[in-house]
Each structure stands twice: as structure tokens, then as C-alpha cells.
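One structure is given below, encoded as C-alpha cells.
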Amino acid sequence: MPGRPLAFASRAGVTVILMNPQPDPAALLRDLTANPAATFHAGQLEAIDAVTAHGGRALVVQRTGWGKSAVYFIATRILRSRGTGPTVIVSPLLALMRNQIEAASRLDLTAETVNSSNRDDWVDVFEAIDRNEIDLLLISPERLNNPKFRTDILPDLLNRLGLLVIDEAHCISDWGHDFRPDYRRLQRIVEALPTATPVLATTATANNRVVADIEEQLGSNLVVIRGTLDRPSLRLQVIDMPDKAERMAWLAQTIPVLPGAGIVYTLTITDAKRVARFLKRSGIDAEAYTGQSETEDRLDIEQRLSSNELKVVVATSALAMGYDNPHIQFVIHFQVPGSPIAYYQQVGRAGRAVDEAYGVALSGAEDVRIQDYFIETAFPSEEVTATILEVLGSADGLTRGVLAQHVNMQPTRIDATLKLLEIEDAVHRDGSRWFRSATHWEYPHERVTTVNAHRRHEQQAMARYVATDTCLMEFLRTELDDDPEACGRCANCVGNPLDPVVDSALTAAARNFIRMQPIVIEPRKQAPGSFPRLNLKAHRIEEGHALSRYGDPGWGELVRTGKHHTGRFDDELVSASVDLIRKWSPSPSPQWVTAVPCRTDGEPVVEFARRLADGLGLDFVPAVVRAGDTRPQAEMQNSYQQARNVLDGFRVERVMAGPVLLVDDIVDSRWTLTVIGNLLLQEGAGAVYPFALADAGRG
Numbered sequence: 003m004p005g006r007p008l009a010f011a012s013r014a015g016v017t018v019i020l021m022n023p024q025p026d027p028a029a030l031l032r033d034l035t036a037n038p039a040a041t042f043h044a045g046q047l048e049a050i051d052a053v054t055a056h057g058g059r060a061l062v063v064q065r066t067g068w069g070k071s072a073v074y075f076i077a078t079r080i081l082r083s084r085g086t087g088p089t090v091i092v093s094p095l096l097a098l099m100r101n102q103i104e105a106a107s108r109l110d111l112t113a114e115t116v117n118s119s120n121r122d123d124w125v126d127v128f129e130a131i132d133r134n135e136i137d138l139l140l141i142s143p144e145r146l147n148n149p150k151f152r153t154d155i156l157p158d159l160l161n162r163l164g165l166l167v168i169d170e171a172h173c174i175s176d177w178g179h180d181f182r183p184d185y186r187r188l189q190r191i192v193e194a195l196p197t198a199t200p201v202l203a204t205t206a207t208a209n210n211r212v213v214a215d216i217e218e219q220l221g222s223n224l225v226v227i228r229g230t231l232d233r234p235s236l237r238l239q240v241i242d243m244p245d246k247a248e249r250m251a252w253l254a255q256t257i258p259v260l261p262g263a264g265i266v267y268t269l270t271i272t273d274a275k276r277v278a279r280f281l282k283r284s285g286i287d288a289e290a291y292t293g294q295s296e297t298e299d300r301l302d303i304e305q306r307l308s309s310n311e312l313k314v315v316v317a318t319s320a321l322a323m324g325y326d327n328p329h330i331q332f333v334i335h336f337q338v339p340g341s342p343i344a345y346y347q348q349v350g351r352a353g354r355a356v357d358e359a360y361g362v363a364l365s366g367a368e369d370v371r372i373q374d375y376f377i378e379t380a381f382p383s384e385e386v387t388a389t390i391l392e393v394l395g396s397a398d399g400l401t402r403g404v405l406a407q408h409v410n411m412q413p414t415r416i417d418a419t420l421k422l423l424e425i426e427d428a429v430h431r432d433g434s435r436w437f438r439s440a441t442h443w444e445y446p447h448e449r450v451t452t453v454n455a456h457r458r459h460e461q462q463a464m465a466r467y468v469a470t471d472t473c474l475m476e477f478l479r480t481e482l483d484d485d486p487e488a489c490g491r492c493a494n495c496v497g498n499p500l501d502p503v504v505d506s507a508l509t510a511a512a513r514n515f516i517r518m519q520p521i522v523i524e525p526r527k528q529a530p531g532s533f534p535r536l537n538l539k540a541h542r543i544e545e546g547h548a549l550s551r552y553g554d555p556g557w558g559e560l561v562r563t564g565k566h567h568t569g570r571f572d573d574e575l576v577s578a579s580v581d582l583i584r585k586w587s588p589s590p591s592p593q594w595v596t597a598v599p600c601r602t603d604g605e606p607v608v609e610f611a612r613r614l615a616d617g618l619g620l621d622f623v624p625a626v627v628r629a630g631d632t633r634p635q636a637e638m639q640n641s642y643q644q645a646r647n648v649l650d651g652f653r654v655e656r657v658m659a660g661p662v663l664l665v666d667d668i669v670d671s672r673w674t675l676t677v678i679g680n681l682l683l684q685e686g687a688g689a690v691y692p693f694a695l696a697d698a699g700r701g
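Per this note's numbering, the very first residue in the sequence shown carries number 3; after that it's consecutive.
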């Protein structure tokens, strides 16, 4: 095996260790690619030499499919033959890790990974490293967020390191389209390395600003190797299609006639699952792939897509960076991301080893709204960070759950904020408890303002991409500070490669599919804190239903119009709700109807519930009344704040016996319906069935 002693000899009392002879890089490339005629791309050998001949530091910026992984595999093989320690690759995605472990074996390299999905193997892996039996160790950046890993494992690992590889290095930069806070720790790790330890950073998506930021963090002696970002096989096209049902119909119409297999990207988990279901119903072999997918399911989907056993995977960005399938022949965006650089990275999954591939952006009406959300939630506000630091400073350590009782913030955003504050030494943790550190910390106003302005610039650039009549590939290359020229193959250069016209009957079928999909409202089962008035174990509401997804074509649009424009919900929504409830047919059947009153004048929800009760032939009883002037529930960001806000804002009275239908317009966190339903049950109501016109949550 590379890096192990070949033989021992003794001369004049001195033991000499004879190492394996250094392998030929060209021969290693042929072995790695299983191609006896393989030759290096321009820049590959230069990058290998930068980290092996000189022990230096290099940043490689090359398009997807260029062969960045070949650089660090071959470099590792050479370094190990000289007796150096193992290579550590910081890799952001499990899909990338699995691909790399398989590829490393072609060079007789022993590769292992340490990530959240294989905790039971960690001890064995670290013991194998101690025995010098591991050539490549792949770790996720999130491992660097683990205090025990940083204190017990990392220092010894760094001292014996042969090569540090930072894959998808744009994640290290605030300016990168996929910045990850854990990557910020890499700057300190690089600074702690012995000066002779080589470092290699690689990415396919870094413009000049990102490159400069990476240079600042990894050192001024960084050698930058950049190549053209043109994708000669890729035919780009933009189709402006605001209606979601029409886009679903276009996919069902177009995908069957496309060659090979491909990926459809969505911006939300809900859309990934729904589009996949519709394509399946349309006779297309499709699967959904999201951050919520189980590891086993992801592995199975990746394998089936790679072996052409699947026609299409409908995915979020969870299947983006690092997924190595050179035979993808189309990438279609159901919604477009908020950055041309992010778009280039994802569309670059297609056309890596095929003569022709398609990259289509379907521009939807909801794109900007979703992009806005990502931008607006990228950084915690000064108010929230100040509250977190104040609360931690006045307590002897708090868990995230207890902290949520004091901070109106989503749990995932609390976690992200704590991580940012920890990286900057403003807080520290011991186990599950967080503490305020003694470090003085000030909110980075200038950084946040500047980065947010950059994000808005990227968003505007993506809007220009959707609208431009110039070469699409040239536009993307310009945004990545590449040397652009017209590609001569995109829709704007030579005409539409794919027909943008959609069959109207198929669009109607997609709209009907959206309307008819059952949307279940699952009751909350555990209180998020101590609430004397709330007893979810003894009094639990039943499973309920929502008529639509908020803002969807059809019912969802009507709900939005009624809530924000007309102040009255259309009679068509009443008829559709009556039909749904009769098909649902809960047992025992509701005997009366009540509603969650609004904070606004006119009570459109109560008025709708009265008409719904008439349609069902039931009595309406105004059993729920407002008890205080609380903040809008939509402003409450975590379960504790949401439950408390409902308890402070409502009371029940004049409750009838027997099962009841509890009506609201929008369901999101489910705490409004759960808490009010619990109060109804405590006051003597029978089974409580929640019903909402639209679901605006979970995805």
C-alpha cells in the first residue's frame, strides 16, 4: 500500500526504511480513469506539482467535470509514497464522499469518512489512522463544529497530516453562493498547520471576489489555477412560465422525449416531493431527493440515477455539489436560484461526458419570494444576537430549548446563530449547554450590509439572465469573471432546443392534481415548555386537513386573494371545502363548527366558517374569542413563542358537546389549531377536527 515501508535494512547499526518508489503521475491518471489513453487537462499537472513538489498551497478553480478530484487523489498517492501522513479532505456533502471513496480505491488508496451517518465507525477509523492504515480521510465541515472532535481528534490529526484538501472551497467565503459557517474554522486550522504541510482548495464556482476572500483566509502564498468555465456540450434555455401547474405539465410533456437521465431542481422540499409525485403519476420514473431523505434512500436514488435505472430525480440543492455522474443529459430548474453562480454550479451537473445536454431554467412567479426568504434569513439580526448574548450572559449555561423560550427565533436559526457566535468566540458550549464567553463581540454591521447588498446584486443578475436576449453561457461566464464569448448553441444563439408550448389539457390535469392532493394537519403532541393551561397528553386534537398549499394555482391563489385583497373568501372555496370534508368523512362526524377569529376587522374566517357550516348542514358556534392584543402568529418563530402567543391571545366559551370542526384560514406551525383545540377539549367539546383553507408551512 502507498506510504507503507517497503523494506527494512541495517547498515552500520543504522536502520534504513526503504519507501515505495514515487509513482508516475501519468500512469496514476490512467489507472484512476481506467483509460489507457488518458492525458492531463491543462492545469492538472501544475496543481499536482504545486502541492507535491513544493509543499505549497493552491486554489484550483475549474468547471465541473474538469477533474479536480484527480488532482488530490494523485497528489495523495505521490505524497504517501514518500511516507507522509494521510490526506484529509473537507467535503460538504455525503454524496461527494461516497463518490470519492469509490474513486480512491482505483489508485489503491484506503479511504474512510467521518460524518453524521457513521458515528459507530469513528473509533475504528481513528485507530486505523494511528496505525497509518488510512490514506484519505473525508470529513464534513460540520465535524469541525463538534468540540470533542476539535479538542480530542483534530490536533493530533493535523500534526501528522500529509495534505489538507478543502473541496467546494467557495463555501469558505461570505461571498460564495453556498457559504457555510463551519468552513470559517478552516482559516484557523490552516494557520495551525506546520509550514511544510501542503493545502489544496478546489471549486467550480468562484468569481474574483470569492477568490480574493479565499486567498485572504488561506494565505497570500496561494497559487491560483483557473481555467475556462465554458461547457461545450451544454445547450441552455430559459422559459418564462409563472404558473406552477403549467411548469409541472411542461415537465411531464418534455422529460419523456429527452435522452438519458437527468435532474429537476426545486427551491423547496414541498415542491420536490410534489413534482416527483406528479411525474410518477404521469408515467415517468421519478424520485424525490431532499435534505429530509433518509441516507439509505439517498444512496439508492444516487445509484439508480448513475446506472440509468431512473429517468429523473427531482431534487433540492441536497443533490448538487459533489454528485459525480458524468452521464446526466439534462438539468431543469423548476424554480431558479437567486444567483447566476449557484445556477451555473447546479446546471453543470449535466453534460460532463456526453456530446449534448440540456440546461433549462423555468422561471416561476414564486421565485423572487423564495429567493427573498433565503436572503433575509441569511444573517441573524442585531436585536436577536444581542438578546441571545444577554440571556446567556445572565445564566449559568442554557440548552437550545430553554434559549428558545427567551428568543423569538426558529430553532434552526438559533442553531446557526450560535454556530456563528461560537466561531467568533462570543459563546462556547459544554455538551448541550451554551455559555457566554468573556470575548467582547460587536455585531458586524458593515459585513452584513455588504454581503446582503451583494446577494441582492446576484438576485438582480439572475433576473437579467432570465430576461436577456444575449448568449446565456456567455452571461454566466461573465458573472463568474471568466473570459466570455458567445457559445453558438444556446436558445438565444440558435433558437429554442426544446418546445416551450404546453398542452392545455396536461396543464389542467396538473392543476387538478395540485388541488386534489391530500394535505394532512398533524396535531402537535408535546408541549414546548411548561404551560399550566396546556395538557396535550390528556387532551389531543384529531388529525385534520387543509384544502390547499398557500399560493398554489387554483385554491391556493383564491385563499391568498381573499386574505390579502378582497377580505372575503370566495364561495368556490366553500364548495371545495364541503366536498373535501365529505370525502374525508371523519368519524365520529362533527356536529358543530367553530372558527379561529382574526385580528383584523370583518372576521373573514368566522364569516367563511358560517357559510361552511351551512354547506355541511351544521350549527356554527362562536366558541373561540380573542382574549388579548397579541402579536400576529406569523411573527412567532419557534414552538414556545407560538404556543404562548396563542394561549395569551384566545379563550373559549359557550362550548357545545360533541365533535367539532375547528376552522382557520392558514395553518403553518400548527400551534394555533393545537392549542385552541386543546382548550375546547378541556371545556367539554368532543373530538376536535382541525381544518384550514391553506397550509403555508413545512417546506
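Yeah, the Cβ is synthetic: ideal placement off N, Cα and C, and Gly gets one too.
For residue i, the residue or residues it bridges with in DSSP
{"i": "I227", "result": "V62"}
{"i": "H172", "result": "In the DSSP output, where bridge partners are listed per residue, H172 has none listed."}
{"i": "T89", "result": "L138 and L165"}
{"i": "T419", "result": "Paired residue(s): none; T419 is not in a bridge."}
{"i": "H714", "result": "As displayed, the chain neither begins before 3 nor continues past 701, which places residue 714 out of reach and without an answer."}
{"i": "E481", "result": "Answer is none; E481 lacks a bridge partner."}
{"i": "P692", "result": "L664"}
{"i": "R653", "result": "V627"}
Backbone CA spacing between residue i and residue j [nearest angstrom]
{"i": "E424", "j": "H430", "result": "6 Å"}
{"i": "A578", "j": "L549", "result": "8 Å"}
{"i": "V212", "j": "V595", "result": "57 Å"}
{"i": "W673", "j": "H329", "result": "46 Å"}
{"i": "P520", "j": "N134", "result": "55 Å"}
{"i": "R6", "j": "W252", "result": "Caution is warranted here: a pLDDT of 45 is assigned to R6, below 50, making its placement in the model unreliable, and the coordinate value is therefore given only provisionally. About 57 Å."}
{"i": "R449", "j": "L681", "result": "47 Å"}
{"i": "S284", "j": "V316", "result": "14 Å"}
{"i": "T441", "j": "T153", "result": "20 Å"}
{"i": "A418", "j": "L618", "result": "47 Å"}
{"i": "L620", "j": "V393", "result": "50 Å"}
{"i": "L420", "j": "Q462", "result": "31 Å"}
{"i": "Q644", "j": "G395", "result": "25 Å"}
{"i": "R2", "j": "L405", "result": "Absent from the structure is residue 2, since the part of the chain shown begins at 3 and ends at 701."}
{"i": "A106", "j": "Q331", "result": "25 Å"}
{"i": "V16", "j": "R84", "result": "With a pLDDT of 48 at V16, under the threshold of 50, the modelled position of that residue is not reliable, and no figure is offered here."}
{"i": "A72", "j": "H56", "result": "18 Å"}
{"i": "A203", "j": "I91", "result": "10 Å"}
{"i": "E114", "j": "R82", "result": "16 Å"}
{"i": "F610", "j": "V576", "result": "7 Å"}
Integer-rounded CB distance, given that residue j should sit under 8 Å from residue i
{"i": "Y722", "j": "Q407", "result": "Missing from the structure shown is residue 722; the chain here goes from 3 to 701 and no further."}
{"i": "G679", "j": "L664", "result": "6 Å"}
{"i": "D432", "j": "G399", "result": "7 Å"}
{"i": "A363", "j": "V468", "result": "7 Å"}
{"i": "R237", "j": "C492", "result": "6 Å"}
{"i": "T112", "j": "D137", "result": "5 Å"}
{"i": "T676", "j": "P534", "result": "With a Cβ gap of about 16 Å, T676 and P534 do not count as contacting."}
{"i": "F336", "j": "R249", "result": "6 Å"}
{"i": "Q24", "j": "I80", "result": "6 Å"}
{"i": "M638", "j": "N454", "result": "The Cβ separation is near 24 Å, so there is no contact."}
is_contact[residue i, chain B] using C-beta, thresh 8 Å
{"i": "I334", "result": "The structure shown contains no chain B, having only a single protein chain."}
beta-carbon residue i near the ligand GDP non-hydrogen atom, thresh 7 Å
{"i": "S591", "result": "The model on display carries no ligand, and the ligand GDP is accordingly not part of it."}
| task | Entirely within the segment 277-315 and at least 3 residues each: give me those beta strand (DSSP E) ranges in chain order. | result | The qualifying runs are 288-291.
| request: Please determine if the segment 29-40 and the segment 202-221 are in contact, where contact requires at least 3 C-beta pairs separated by less than 8 Å. | output: Contact fails: fewer than three Cβ-Cβ distances are below 8 Å.
| Between the segment 303-320 and the segment 260-271, are three or more C-beta pairs nearer than 8 Å? | Because the criterion of three Cβ pairs below 8 Å is met, the segment 303-320 and the segment 260-271 touch.
| Mind pulling the alpha helix (DSSP H) runs of 4 or more residues that sit fully within the segment 309-378? | Within the segment 309-378, the alpha helix (DSSP H) runs of at least 4 residues that lie entirely inside it are, in chain order, 342-349 and 369-378.
| Any contact of the segment 561-578 with the segment 686-700, i.e. 3+ C-beta pairs under 8 Å? | A contact exists between the segment 561-578 and the segment 686-700.
| task | Indicate whether the contact test is met: 3 or more Cβ pairs, each with one atom in the segment 352-362 and one in the segment 225-235, closer than 8 Å. | result | Note that the segment 352-362 touches the segment 225-235; at least 3 beta-carbon pairs, one per stretch, sit closer than 8 Å.
| query | Do the segment 474-491 and the segment 243-262 make contact, defined as three or more Cβ pairs closer than 8 Å? | reply | Judged by Cβ distances under 8 Å, the segment 474-491 makes no contact with the segment 243-262, as fewer than three pairs qualify.
| request: Note down, one range per segment and in chain order, each beta strand (DSSP E) of at least 3 residues found wholly within the segment 487-553. | output: Counting whole runs of 3 or more residues, the segment 487-553 contains the beta strand (DSSP E) stretches 521-523 and 546-551.
| Can you list the alpha helix (DSSP H) stretches of 4 or more residues lying completely in the segment 206-264, in chain order? | The alpha helix (DSSP H) runs lying completely inside the segment 206-264 and spanning 4 residues or more are 210-220 and 246-256, given in chain order.
| request: Return the chain-ordered ranges of every beta strand (DSSP E) run that is complete within the segment 604-637 and spans a minimum of 3 residues. | output: For the segment 604-637, whole beta strand (DSSP E) runs of length 3 or above, ordered along the chain, are 626-628.
| How do the segment 183-200 and the segment 145-162 stand: do at least 3 beta-carbon pairs fall below 8 Å, yes or no? | Here the segment 183-200 lies against the segment 145-162, with 3 or more beta-carbon pairs under 8 Å apart.
| Does the segment 535-547 touch the segment 283-297, meaning 3 or more C-beta pairs lie closer than 8 Å? | Contact fails: fewer than three Cβ-Cβ distances are below 8 Å.
| Hey, is the segment 293-303 in contact with the segment 241-249, meaning 3+ C-beta pairs nearer than 8 Å? | Touching, no.
| Does the pairing of the segment 189-202 with the segment 156-173 give three or more beta-carbon distances under 8 Å? | Segments in contact, yes.
| Touching by the beta-carbon criterion (3+ pairs, under 8 Å), the segment 507-518 and the segment 528-541 | Here the segment 507-518 makes no contact with the segment 528-541; the two share fewer than three CB pairs at distances below 8 Å.
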